[in-house]
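Each residue of the sequence shown is one higher than the one before, counting from 48 in the working numbering.
We treat Cβ as the ideally placed atom computed from N, Cα and C, and that holds for glycine.
Working notes for the structure below.
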Amino acid sequence: MQRQQQFDDHIDEGGFVEPKDWMPDDYRKTLIRQISQHAHSEIVGMLPEGNWVTRAPTLKRKAILLAKIQDEGGHGLYLYAAAETLGVSRDALVDALHSGKAKYSSIFNYPTLNWADIGTIGWLVDGAAIMNQVPICRCSFAPYARAMIRVCREESFHQRQGYDSLLVMMQKGTPEQKAMVQDAVNRWWWPCLMMFGPPDDQSPNSANGMRWGIKRVSNDTLRQKFIDATKQQADVLGVTLPDAELKWNEARGHHDHGPIDWAEFWRVVGGDGPVNRERLAARIKAWDDGAWVREAAMAHARKQVKTSEQAA
Ligand code: FAQ
């Protein structure tokens with residue numbers, strides 16, 4: 048009871064929690080859930096972009112895309128490592144993803160149909176990810192907060208490269224290329240708004256997340272900030288966001304927007320989105336195909352230990 052009180056006071060004072068500090072079980076569970084889901088999203092998020100590496104239109108775009116995908120892999124690794132400090136094994140986390148028990152971001156259950164989808168993922172998906180992740184740099188659990196600082200810097204490059212690639216298509220492209228950009232934006236806009244999670248009054252984890260300083264800003268507030276920032280970028284780009292009700296509301300100081308299809312969101316989160324099955328199957332295949340790499344790395348590590356023991 049006293050420990051709980053000390054923990055609550057520490058959180059109220061804006062303190063950080065390190066892995067070896069005492070923490071309530073529910074705090075630990077919530078963090079394992081959120082951090083591991085976040086890690087899974089980074090790793091699964093590599094797949095739709097990976098589909099386009101061989102079809103990038105120029106060497107420059109291919110090099111940028113490869114670097115971005117590699118960064119996402121790195122983000123997954125920092126996050127799995129942060130989750131492991133809470134006492135869960137990497138194998139258990141990976142099993143939960145592959146068995147369908149653990150979630151990953153709904154956004155990665157939509158297909159990438161043309162090259163403009165790759166720019167749009169950078170602009171909108173990474174843009175939404177940054178908006179959500181900047182407040183997590185102040186998360187009360189220190190290893191998660193520390194990981195987010197580097198992740199946000201890299202995501203910021205990802206967002207810019209996506210926007211730049213779309214800007215080139217819109218300013219120098221053919222009418223067909225401009226139409227591809229508009230088509231990609233039309234398909235990704237609403238799913239990106241869903242990335243922030245359900246509305247605040249339907250978000251079961253928000254109360255504890257906010258109480259414990261894991262979440263610093265609510266789902267709806269972040270979604271609104273993303274809409275306000277992105278509308279201006281869309282105007283510069285010369286694309287129309289696919290929402291006839293999107294307009295500036297002087298009194299609120301924000302854009303009003305049309306209704307979000309939450310039934311679609313829950314369907315996708317429940318496993319029945321456009322490409323949920325293909326994504327998970329591709330992820331499991333990548334894991335199985337990589338078994339020899341993990342075995343070789345372990346054999347090498349064992350050999351290193353043996354050699355250093357013999358030398359000692
Ligand atoms: N998709 O009570 P809440 C990226 C679930 S990284 C799927 O509001 P919470 C980088 C939620 O888990 C993108 N499921 O939950 C990249 C919960 O279910 P549960 C990932 C969702 O945790 C870019 C239930 O609904 N970012 O994109 C989603 O308080 C490009 C009720 O929801 C993060 O994970 C969703 N969109 O708030 C990579 C950031 N939304 O677990 C490659 C960290 C909600 O009780 C290419 N996470 N659910 O069974 C968070 O900030 C939070 O976990 C939220 C959800 C805001 C996502």
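Handout entry: Heavy atom of the ligand FAQ within 7 angstroms of Met-217 beta-carbon
Key = If you number the sequence shown from 1, residue 217 lands on position 170. No, the beta carbon of Met-217 sits no closer than 7 angstroms to any heavy atom of the ligand FAQ.
Handout entry: 6 angstroms CB neighbourhood of Ala-176 in its chain, flanking five on each side removed
Key = Reading the sequence shown from its first residue, position 129 is the one you call residue 176. So the qualifying residues of the chain are Glu-202.
Handout entry: Neighbourhood of Lys-115 by C-beta, 6 angstroms cutoff - its chain only, sequence neighbours within 5 removed
Key = Counted from its first residue, the sequence shown places residue 115 at position 68. Contacts found: His-205.
Practice task
Evaluate the contact criterion for the stretch 309-320 versus the stretch 77-91: three or more CB pairs, one atom per stretch, below 8 angstroms.
Solution key: no
Practice task
Starting from Lys-294, follow the alpha helix (DSSP H) in both directions and report where the run begins and ends.
Solution key: Residue mapping note: residue 294 aligns to position 247 of the sequence shown, counting from 1. Run containing Lys-294: none in the alpha helix (DSSP H); it sits in the beta strand (DSSP E), 294-296.
Problem - Cβ shell of Trp-372 (< 8 angstroms), same chain only, five flanking positions each side left out - result: The chain is shown from 48 up to 359; residue 372 falls before or after that span and cannot be answered.
Handout entry: Reduced DSSP category for Val-64 - H, G, I as helix; E, B as strand; rest coil
Key = What you label residue 64 is simply residue 17 of the sequence shown in a count that begins at 1. Note: Val-64 maps to strand in three-state DSSP.
Practice task
In angstroms with no decimal places, state the Cα-to-Cα distance between Leu-124 and Met-195.
Solution key: Reading the sequence shown from its first residue, position 77 is the one you call residue 124. Reading the sequence shown from its first residue, position 148 is the one you call residue 195. Taking the straight line from one Cα to the other gives about 12 angstroms.
Practice task
Would you check whether the ligand FAQ has a heavy atom nearer than 7 angstroms to the C-beta of Lys-76?
Solution key: As a first step, residue 76 is located in the sequence shown; it is residue number 29 there, counting from the start. Lys-76 Cβ: outside cutoff for every heavy atom of the ligand FAQ.
Practice task
Alpha carbon to alpha carbon, how far is Thr-354 from Trp-313? Give it in angstroms, no decimals.
Solution key: For the purposes of this step, residue 313 is identified with residue 266 of the sequence shown, where counting begins at 1. For the purposes of this step, residue 354 is identified with residue 307 of the sequence shown, where counting begins at 1. Answer to the nearest angstrom: the Cα atoms are 53 angstroms apart.
Practice task
Count the CB pairs spanning the stretch 58-70 and the stretch 103-121 that are closer than 8 angstroms, and state whether there are at least three.
Solution key: no
Handout entry: Between the CA atoms of Leu-213 and Ala-149 - distance to the nearest angstrom
Key = For the purposes of this step, residue 149 is identified with residue 102 of the sequence shown, where counting begins at 1. For the purposes of this step, residue 213 is identified with residue 166 of the sequence shown, where counting begins at 1. In a straight line, the C-alpha of Ala-149 is about 33 angstroms away from that of Leu-213.
Exercise for the section: Check whether the stretch 261-272 touches the stretch 337-351, taking contact to mean three or more Cβ pairs, one atom from each stretch, closer than 8 angstroms. Expected result: no
Exercise for the section: Give the single residue among Gln-271, Pro-222, Asp-72, Glu-297 whose Cα lies nearest to the Cα of Gln-246. Expected result: If you number the sequence shown from 1, residue 246 lands on position 199. Reading the sequence as shown, one finds Pro at residue 246 and not Gln. When each option's Cα is compared against that of Pro-246, the closest is Gln-271.
Exercise for the section: Write down the C-beta distance between Leu-284 and Met-345 rounded to the nearest angstrom, noting that I regard them as a contact closer than 8 angstroms. Expected result: Here residue 284 refers to the residue found at position 237 when the sequence shown is read from its first residue. Here residue 345 refers to the residue found at position 298 when the sequence shown is read from its first residue. No, Leu-284 and Met-345 are not in contact; Cβ-Cβ is about 47 angstroms, not under 8 angstroms.
Handout entry: Environment of Asp-118 [buried if 16+ CB atoms lie within 10 Å]
Key = As a working mapping, residue 118 is identified with position 71 in the sequence shown. Per the 10 Å Cβ criterion, buried.
Exercise for the section: Check whether the Cβ of Pro-158 lies closer than 7 angstroms to any heavy atom of the ligand FAQ, and answer yes or no. Expected result: As a working mapping, residue 158 is identified with position 111 in the sequence shown. No; taking the cut-off as 7 angstroms, the Cβ of Pro-158 has no heavy atom of the ligand FAQ nearer than that.
Problem - Spatially closest choice to Arg-200 from Ser-250, Gly-244, Gly-121, by CA coordinates - result: Within the sequence shown, numbered from 1, the residue matching residue 200 stands at position 153. Selected option, being the one with the closest Cα: Gly-121.
Problem - Residue range of the unbroken beta strand (DSSP E) whose run includes His-301 - result: Here the question's residue 301 lines up with position 254 in the sequence shown. Start and end: 301-303.
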